[in-house]
Amino acid sequence: MEEYTKDVFEKELIQRAISLMHNDFNKELTLEKVARECGFSKFYFSRIFKKYTGKNFKTYLIELRINRAKELLMNSKLPISQICYETGFNDQSYFSRFFKKVVGLSPSEFRQRKDDGKPVRK
Numbered sequence: 001m002e003e004y005t006k007d008v009f010e011k012e013l014i015q016r017a018i019s020l021m022h023n024d025f026n027k028e029l030t031l032e033k034v035a036r037e038c039g040f041s042k043f044y045f046s047r048i049f050k051k052y053t054g055k056n057f058k059t060y061l062i063e064l065r066i067n068r069a070k071e072l073l074m075n076s077k078l079p080i081s082q083i084c085y086e087t088g089f090n091d092q093s094y095f096s097r098f099f100k101k102v103v104g105l106s107p108s109e110f111r112q113r114k115d116d117g118k119p120v121r122k
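What the sequence shown shows, in the working numbering, is residues 1 to 122, in sequence order.
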């Protein structure tokens with residue numbers, strides 16, 4: 001049995017935070033809210049989150065949202081406006097700009113490439 005150490009405790013904390021983020025990524029999540037839910041200050045939580053994930057909280061959350069948006073664009077006929085809100089973005093224009101910055105294509109271009117059978121990068 002693994003000794004209950006600080007490292008084990010921190011790993012459990014991060015697993016709990018990641019689970020919360022995966023369950024609630026489409027809601028308004030902030031570093032402060034997740035840290036509070038896990039019972040820690042945002043400063044301590046931010047440091048150990050990056051230590052265990054290699055990413056800061058905001059980057060991890062955005063990647064989670066963008067990946068879900070990509071799934072919905074590929075596997076549903078939902079309008080882009082609905083996908084925007086279902087993935088936690090509150091502004092369709094911001095969502096489209098950010099999606100293009102991360103993926104290299106706008107959401108509609110991404111969907112069109114998928115429909116055309118062309119390879120989609122990233």
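Idealized CB from N, CA, C, for every residue including glycine. On a predicted model such as this, the values are computed, not experimentally measured, just so you know.
According to DSSP, is residue i part of a helix, a strand, or is it coil?
| i | result |
| --- | --- |
| asparagine 67 | helix |
| glutamate 12 | helix |
| asparagine 75 | helix |
| leucine 29 | coil |
Taking the alpha helix (DSSP H) that residue i belongs to, which residues open and close that run?
| i | result |
| --- | --- |
| threonine 5 | Where threonine 5 is concerned, there is no enclosing alpha helix (DSSP H), given that its DSSP letter is neither H nor E. |
| serine 93 | 92–103 |
| threonine 135 | Any property of residue 135 remains undetermined from this structure, which presents the chain solely from 1 to 122. |
| serine 81 | 80–86 |
Sorted by chain position, which residues of the same chain lie with C-beta nearer than 7 Å to residue i's C-beta, five sequence neighbours on each side aside?
| i | result |
| --- | --- |
| cysteine 38 | Leu13, Arg16, Ala17 and Phe45 |
To which residues of the same chain is residue i closer than 8 Å at the C-beta, ignoring the five residues directly before and after it?
| i | result |
| --- | --- |
| leucine 72 | Leu78, Ile83, Glu86 and Thr87 |
Checklist entry - Is the stretch 57–64 touching the stretch 103–117 in the sense that three or more CB pairs, one from each, lie closer than 8 Å? => result With fewer than three CB-CB distances shorter than 8 Å, the stretch 103–117 does not count as touching the stretch 57–64.
Checklist entry - Any chance the stretch 83–94 sits against the stretch 25–36, with 3 or more Cβ pairs inside 8 Å? => result They touch, by the three-pair rule.
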